[in-house]
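For the sequence shown, numbering that gives the first Met the number 0 assigns the number 0 to the initial residue and increments by one for each residue that follows. All C-beta atoms in this analysis are idealised placements derived from N, C-alpha and C, irrespective of residue type, glycine included. Written out below as structure tokens is the structure these notes cover.
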Amino acid sequence: MDQPLKGIRVLDFTHLLPGELLSALLSDLGAEIVRIEAPSRGLAHRLPPVVEGESLYYWALNKRKKRLVINLKDERGKEIAFRLAGSFDLVIENFRPGVMERLGLGYESLAALNPAIIYCSISGYGKNSKEALKPAHDLNLVAEAGVLDLNRRQGERPVIPAIPISDYMSGLLAALSVVSALYKRRETGRGEHLDIGMLDSALSSLNILASMAMYTGLEPEEGDFIYPREMPDYNVYRTGDGRFLAVASLEDPFWKTFCEKIGRPDLLDARKKNRDQELIEDIASVIEGKTLAEWEAIFEDADCCVSPVNTLAEALERFPLFERGMLDELFHPTLGNIKQVVFPVDRKLRNASKEPHIVNGYNDVQSLLENAGYTRAEIDTLVQGKVVSHQQCD
């Protein structure tokens, strides 16, 4: 079965997680990604863990993408990028607003060359914000959006989320926007400029809490960070061996089973009496009476939404990634085969090849520039002049 985005060509100027995630998702759906990189390695190549000079972070997001190193500070490099864009369906970038325009690669310039082009920009605050030029990373944006303040106990400092929320939300929402724009283009024949603000994405993750706050005029009190409040039937409890058990027995049948399994059927009606904190303490004292393994055995076949809090290593070991098609491989000439967890796009829609993806090289440079109208002699001159290459320098 053909992938839904087979034949769609993406010119990728992104260099941070939201944009790299966007192009990775589009690649999984069959799009051809040509990643434009600077002559010198940037932040993504330095993020740990770094093995033999290669960042595993970088390769987790950039498999199955062709790479073209272009010096965009050189006028010849700008011309290469401009000529390439004429044959692409989609351009994606995550610079601050105005950077691509100064390079002569903004939406208006490329749309004049190719009216059907779809152009997706991801930035911290969006192009029309009064703070459009302000620099920001995920931590800044979840802080400003109010997400970070909700992630703390009373009197304690906020805990930085293990997952970069605005980064992932922005990449996912950008992918949805791009696919929608491609669908719309089938009707209109024209492209458009998509503007994704990472602060907007972070705020959208709070849409339920924000709606409640705007309607009631109230906001969660300090430390009341669990939606809609800390509850006995939606909580995490410490076990006797210092591990944790996640309980989400919200519905009445689940709650009944949970109370029976922990040997406290007397608690069945207690949650109706508006004494949550007392009930939480009662349950906590019971759960601390057994190890996590003992509770897992008790709840193994119970229909009540109770789970162990796994470490990442345990999660990777316990769940058969092949069964759901969630495992992929990249072949790297230095690192060898790198196993990777893929995005859960239905396997019928994404690349089903079991062969490792191979890091490409100089042949990509030749074929891409020839398709843009450059001769072999011109390509050799550009390579020798370090305007274009297939690899970056450290």
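Asked                                                                                                                           : Found
Boundaries (first-last residue) of the beta strand (DSSP E) holding V235                                                        : N234 to R237
Inter-residue Cα distance where the pair is K347 and M325                                                                       : 12 Å
From A173, V386, M197 and A174, residue whose alpha carbon lies closest to that of P163                                         : M197
Per-residue burial, V90 [other beta carbons within 10 Å of its own, 16 or more giving buried]                                   : buried
Length of the line joining the Cα atoms of R185 and A245                                                                        : 46 Å
Classification of G262 by the beta-carbon crowding that lies within 10 angstroms, buried from 16 upward                         : exposed
Reduced DSSP category for F243 - H, G, I as helix; E, B as strand; rest coil                                                    : strand
Member of R152, H136 and R63 whose CA lies at the smallest distance from the CA of L463                                         : The first residue shown for the chain is 0 and the last is 393, placing residue 463 beyond what the model contains.
Helix, strand or coil at N70 according to DSSP, with G and I counted as helix                                                   : coil
Buried or exposed (CB count within 10 angstroms, at least 16 for buried), S120                                                  : buried
Through-space distance from V341 to D199, alpha-carbon basis                                                                    : 26 Å
Within the segment 115-160, ranges of the alpha helix (DSSP H) (whole runs, at least 4 residues)                                : 137-143 and 146-149
Supposed contact pair R66 and R34 - C-beta distance, whole angstroms, cut 8 Å                                                   : 5 Å
Cβ neighbour criterion (16 or more within 10 Å) applied to P17                                                                  : buried
Neighbour-count burial assignment, S366, 16 or more Cβ in a 10 Å radius                                                         : exposed
DSSP three-state assignment for M168, whether helix, strand or coil                                                             : helix
CB contact flag (G170, L4, <7 Å)                                                                                                : no
For E31, the nearest candidate out of N309, A43 and N61 (CA to CA)                                                              : N61
Selection from A201, L42, A301 and Q2 that minimises the alpha carbon distance to S26                                           : Q2
Cβ-Cβ distance between T256 and C303 below 7 Å                                                                                  : yes
Residue range of the unbroken beta strand (DSSP E) whose run includes R8                                                        : R8 to D11
Nonlocal neighbours in the same chain, by C-beta distance under 6 Å from G222, ignoring five residues either side               : Summary for G222: the model assigns pLDDT 48, below 50, so the residue's position carries little reliability, and this model does not support an answer.
Bridge partners - R34, DSSP secondary structure assignment                                                                      : D11 and R66
Contacts around H192, its chain only, beta-carbon distance under 6 Å, and the 5 residues preceding and following it disregarded : Y106 and Y118
Beta-carbon spacing of G190, A115 below 7 Å                                                                                     : yes
CA nearest to the CA of V235, picked from V285, N93 and L102                                                                    : V285
For F330, the first and last residue of its enclosing alpha helix (DSSP H)                                                      : Run containing F330: none in the alpha helix (DSSP H); it sits in the beta strand (DSSP E), L326 to H331.
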